[in-house]
Amino acid sequence: MPPALTLQAAAPDDAVALVVTASAGPDAAAVLDPRASAHLRAAGIPCLILSTERNPVVASRAKKIRIPVVQGISDKAQEVLNQCRAREIDPREVAYVGNDLNDLAAMQQVGMPWCPADAAPEVRRICALTLKARGGEGVVREIARRLGLKWKPQK
C-alpha cells in the first residue's frame, strides 16, 4: 500500500499528488528543480514526470532528484489514470502541471489542473491555477511554496 498523501503543511484532510510534464527542449532539465523536489518529497507528496518524448537529459535529472519519470507515452490522460490506479491515488487529489495542448486531456482527468504563466491559452482556460512562474523558471519551486512548504536559507 502506498504512503498516505497528506500534505503536512496544509490542513490535515488535504491531500495532493503532483504530476509535472517535461519538454524535450533546451530547458528540459530546468523544470526539475532539485531543491523544490526535495521539499516535496520531504512533505510526502508523490511526484511523477510525464513526457511524450524520450529525453536522456530528463531521465538523468529525474533519477538524480529521485522523481519517477515516464517518457515516450502517446496518451497522457490514460497514463495519469494508470499511475493513479497503480498507486491507489484518487485523481481528484492530483495536481497536473502542464503547458501545452497535449496536456489538455490529462488535465481534465485530475482535480487540480495547474499551468505555468506561459502555457498555451487553451490550457490556461481550463486551469484551476495559473502560476506566476513561466515554464523552466521556478514552476516547481512556486508550487512548493504555494503548498506552504517552508524554505531554509542556504548556508
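All residue numbers for the sequence shown refer to our numbering, where the first residue is 75 and numbers rise by one.
Yeah, the Cβ is synthetic: ideal placement off N, Cα and C, and Gly gets one too.
Same chain only: Cβ atoms within 8 Å of residue i, ignoring 5 sequence neighbours per side
{"i": "Lys206", "result": "Ala191, Glu216"}
{"i": "Ile147", "result": "Leu124, Ser125, Thr126, Glu153"}
{"i": "Val144", "result": "Leu122, Ile123, Leu124, Ser125, Glu153, Gln157"}
{"i": "Leu175", "result": "Ala194, Glu196, Val197"}
Cβ-based burial, residue i [other Cβ within 10 Å; buried from 16]
{"i": "Asp230", "result": "The shown model of the chain, from 75 to 229, leaves out residue 230, and the question about it has no answer."}
{"i": "Asp149", "result": "exposed"}
{"i": "Gln235", "result": "Shown here, the chain extends from 75 to 229; a query on residue 235 therefore has no answer."}
{"i": "Arg135", "result": "buried"}
DSSP three-state assignment for residue i, whether helix, strand or coil
{"i": "Arg183", "result": "The question names Arg, yet the displayed sequence has Gln at residue 183. Residue state, collapsed to three classes: coil."}
{"i": "Ala218", "result": "helix"}
{"i": "Leu203", "result": "strand"}
{"i": "Leu124", "result": "strand"}
Beta-carbon contacts of residue i that lie in its chain and below 7 Å, excluding the five residues immediately before and after
{"i": "Arg198", "result": "Cys189, Thr204"}
{"i": "Gly185", "result": "Pro165, Arg166, Glu167, Val168"}
Alpha-carbon to alpha-carbon, residue j and residue i
{"i": "Leu160", "j": "Glu196", "result": "A small fix is needed here, since residue 160 is Ala in this sequence, not Leu. Going from the Cα of Ala160 to the Cα of Glu196 covers about 30 Å."}
{"i": "Cys121", "j": "Gly209", "result": "17 Å"}
{"i": "Gln152", "j": "Ile200", "result": "18 Å"}
{"i": "Ala78", "j": "Gly118", "result": "Below a pLDDT of 50, predicted positions are generally treated as unreliable, and Ala78, at 26, falls in that range; the measurement from the model is reported next regardless. Each residue's alpha carbon lies about 8 Å from the other."}
{"i": "Ala202", "j": "Ala218", "result": "16 Å"}
Proximal residues to residue i (C-beta, below 6 Å), its chain only, five neighbours per side dropped
{"i": "Arg220", "result": "none"}
Task: Length-filtered (3 minimum) beta strand (DSSP E) runs lying within the region 141 to 179 - done: Entirely contained in the region 141 to 179, the beta strand (DSSP E) runs reaching 3 residues are, in chain order, 143 to 145, 168 to 171.
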